[in-house]
Amino acid sequence: MLMTEGCTAGEILRSAGVSKDKFRHFLLNSADRNSSISGYTPRTKHMFERAVSLAVEYGGEDALAGTEHLMYAVMESPECLAMRILRAIGASMPLLASRLEMALDGAFDNDDDEEEEQASVPLWIFEESPMSRARKTQQKNERGDGLNPELAQYGTNLTQKAREGKIDPVIGRKKEIDKIIQVLSRRTKNNPVLIGEPGVGKSAVVEGLAQAIVANQVPDLLKGKIVFSLDLASMVAGSKYRGDFEERLKNAIDSIKENGNIILFIDEIHNLVGAGSTSDGNLDAANILKPMLARGELQTIGATTLEEYRKYIEKDAALERRFTPVQVDEPSVEDTVEILRGLRDKYEAHHKVVITDEAIIAAATLSDRYITDRYLPDKAIDLIDEAASRARLDSYNTPAEIKELEEKLKRLNAEKTKAARGENYTQAQKLVDEINAVHAKIKSLDSEWKEGAHASPPQIGSNEIAKIVSSWTGVPVLKLTEQESEKLLHLEENLHKRIIGQDEAVSAVSRAIRRARAGLAEANRPIGSFIFVGPTGVGKTDLAKALAEAMFGDEKLMIRLDMSEYMEKHTVSKLIGAPPGYVGYDDNNGGQLT
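Take my numbering: the last position of the sequence shown gets the number 1275, and nothing is skipped along the way.
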């Protein structure tokens, strides 16, 4: 904009004391020339979209976005590179903001007489007029960033974060977002509760709703709404006396009711049950909310796991009746791949690496197969994040060859000192020559390494993902990267390396495994049920161990039950958990199989 003559934003910048040459100097010194990002960043795209919406706000539906609208959008992102440079140059932000306001109102005129006149006028003259402030406040409320400060300290404005481009894209959750919008649009009981396992993306669905509101892709009833995420921990923190928590919660709810434009989001909503209650029967937080939820005075979105929902929410019939459950299922491996592709730009920009499609597919498949105690897409995203972090750190670590030469240099220096003390100057001179040669070699290798490290960013492939999975699970990397088709094709050979004979049993087990992996068996039925019968010592247990080792890399990776421990009737509870009415049923710990 500074380079273009007659450009409105350029004229405003020049009138505020920003010179083209100084800005270019700071830009060249601040920009990351080694960045692998091509095209516009998400923040830049958001600025263009914001410029268009500003043009519509100030000039009507048919208005075109100008450079003044784009400059205003830039000033709304104080952490962007352009704003950092403007602050470094020493540009007057109040003057810049006031002249942009004038330009948006069509009142900016940059003739020389006015400039001379303004140069002698104090800066307070250019502060916003009351009318301008009133209009900006109204626009803030419409945009969703005009929250009560007392309320804002207890949570996060997700709508504002979505508008600023600080929320990752939400992929593959359109059905759940549509369901939430449908429930929120109801006349009564318009309070959805998202139910799903940890890491499947419940909070991401609510963030997707905030993005839909910002993009105006919601019914008129929800346009302009603020999605506010309440943080119960910050409400409880610092409440010294009885009633402090309840008072804070009541004040926050009153602020939300007074605003009338806020959708409340409470993550881990089961924590409301019992929060703030005491042994003498005081009301808990859930009971404070119930009347307002029933009257429709408070629109609330909750999120919890299925286990916690059954344990806390379902037991309170009055609370359960006020919420409409929305199930958020774990995505498939294919859906996870699409989610990772959508997030790839964010992680590449953060870690300054290149994430290949091979790495994305490996993260989804390997996490699904080997990390069984967590859920997609969370575990696959964590794999990508950690692999990228490790690759970036490795690119900054000194190579082993340089480290060896540095150790050699220390040793030569010690020998030189010893020779000089013994007045063996001939040997000392030889060592000095050798030290100089090692110095030159280190310098050469160091420059080559630095040029190579910064010439192109590190690439993340399937091997890098496999190394992270191996460090998490202990399964050897070779087993992770081995082609499954090759493994299944030679399964009999691998089993026979350990099991001598027993051809019929080995073939039956191998056929069942191949049939299941080929998709010919029913997904909800066991791969196979085998009873190995024979006298002691013929290899029954060893075949099971060999199968575990062939498939998962270690014979210990199987569940082994010794049936001598289950001779009594009541010991079945060890397998499936205690039945209703018995000690341990309410703990929800289950048995070894559940």
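Glycine is no exception: its CB is placed at the ideal position from the N, C-alpha and C atoms.
query, result
"With DSSP run on the structure shown, which of helix, strand or coil describes residue 946?", "strand"
"With which residues is residue 911 paired in a DSSP beta bridge?", "836 and 947"
"Between residue 1230 and the rest of its own chain, which residues show a CB-CB distance below 6 angstroms, the 5 nearest in sequence each way excluded?", "1236"
"Within the region 963 to 1015, note down every full alpha helix (DSSP H) run reaching 4 residues or more, in order along the chain.", "966 to 976 and 998 to 1002"
"Would you mind working out which of 1026, 1122, 1192 and 996 sits nearest residue 848, comparing C-alpha positions?", "1026"
"With DSSP as the reference, identify every bridge partner of residue 1036, one or two as the case may be.", "1141"
"Do residue 1211 and residue 1189 have their beta-carbon atoms positioned less than 8 angstroms apart in this structure?", "yes"
"Can at least three beta-carbon pairs, one atom from the region 1033 to 1046 and one from the region 1112 to 1124, be found at a separation below 8 angstroms?", "no"
"State whether the region 977 to 984 contacts the region 883 to 896, with contact taken as three or more CB pairs (one from each stretch) at a distance under 8 angstroms.", "yes"
"Identify whether residue 937 lies in helix, strand or coil by the three-state DSSP scheme.", "helix"
"Are any of the Cβ atoms in chain B nearer than 8 angstroms to that of residue 886?", "Chain labels in this structure do not include chain B; a single protein chain is all it has."
"Rounded to the nearest angstrom, what separates residue 1240 and residue 1274 at their Cα positions?", "9 angstroms"
"Name the residue from 925, 900, 889 and 901 whose alpha carbon lies nearest to the alpha carbon of residue 946.", "889"
"Anyone know if the C-beta pair for residue 933 and residue 832 falls short of 8 angstroms?", "yes"
"Tell me the rounded alpha-carbon separation between residue 1049 and residue 1071.", "21 angstroms"
"What are the boundary residues of the alpha helix (DSSP H) that residue 873 is part of?", "From DSSP, residue 873 is part of no alpha helix (DSSP H) but of the beta strand (DSSP E) over 873 to 876."
"Quick test of the definition: if touching needs 3 or more C-beta pairs under 8 angstroms, does the region 860 to 877 touch the region 1061 to 1075?", "no"
"With respect to the alpha helix (DSSP H) encompassing residue 763, which residues constitute its N-terminal and C-terminal limits?", "762 to 770"
"Please identify the residue among 1053, 1059, 1069 and 1244 whose C-alpha is closest to the C-alpha of residue 1139.", "1069"
"From 1224, 1192 and 705, pick the residue whose C-alpha is nearest to that of residue 1209; which is it?", "1192"
"Check whether the region 830 to 844 and the region 904 to 916 touch, using three or more Cβ-Cβ pairs below 8 angstroms as the test.", "yes"
"Indicate whether residue 1023 and residue 852 have their beta-carbon atoms separated by less than 8 angstroms.", "yes"
"Would you be able to state if there are at least three C-beta pairs under 8 angstroms between the region 721 to 732 and the region 750 to 764?", "yes"
"Under 8 angstroms by Cβ, that's how I've got residue 942 and residue 905 pegged, so tell me the actual separation to the nearest angstrom.", "7 angstroms"
"Kindly indicate the opening and closing residues of the alpha helix (DSSP H) around residue 1195.", "1184 to 1198"
"Distance check for residue 990 and residue 937, CA to CA, integer angstroms please.", "25 angstroms"
"If you count every other CB in all the chains shown that lies within 10 Å of the CB of residue 1214, and 16 or more means buried, which is it?", "exposed"
"Is residue 1146 closer than 8 angstroms to residue 1047 when the C-beta atoms are compared?", "yes"
"Could you pull the start and end residues of the alpha helix (DSSP H) that residue 892 belongs to?", "883 to 895"
"Hey, residue 1096 and residue 1112 are a contact pair by Cβ (cut 8 angstroms); roughly how many whole angstroms apart?", "6 angstroms"
"Near residue 1016, what residues of its chain come up, given a Cβ to Cβ distance below 6 angstroms and the 5 sequence neighbours on each side ignored?", "853"
"Is the beta carbon of residue 772 sitting closer than 8 angstroms to the one on residue 698?", "yes"
"Report the rounded CA-to-CA distance for residue 1199 versus residue 1172, giving the unit in angstroms.", "14 angstroms"
"Please work out which residues of its chain come closer than 6 angstroms, Cβ to Cβ, to residue 703, disregarding the five sequence neighbours upstream and downstream, and give them in chain order.", "770"
"What is the rounded straight-line gap between the Cα of residue 1091 and the Cα of residue 774?", "55 angstroms"
"Would residue 1045 and residue 1018 be called neighbours here (beta carbons separated by less than 8 angstroms)?", "yes"
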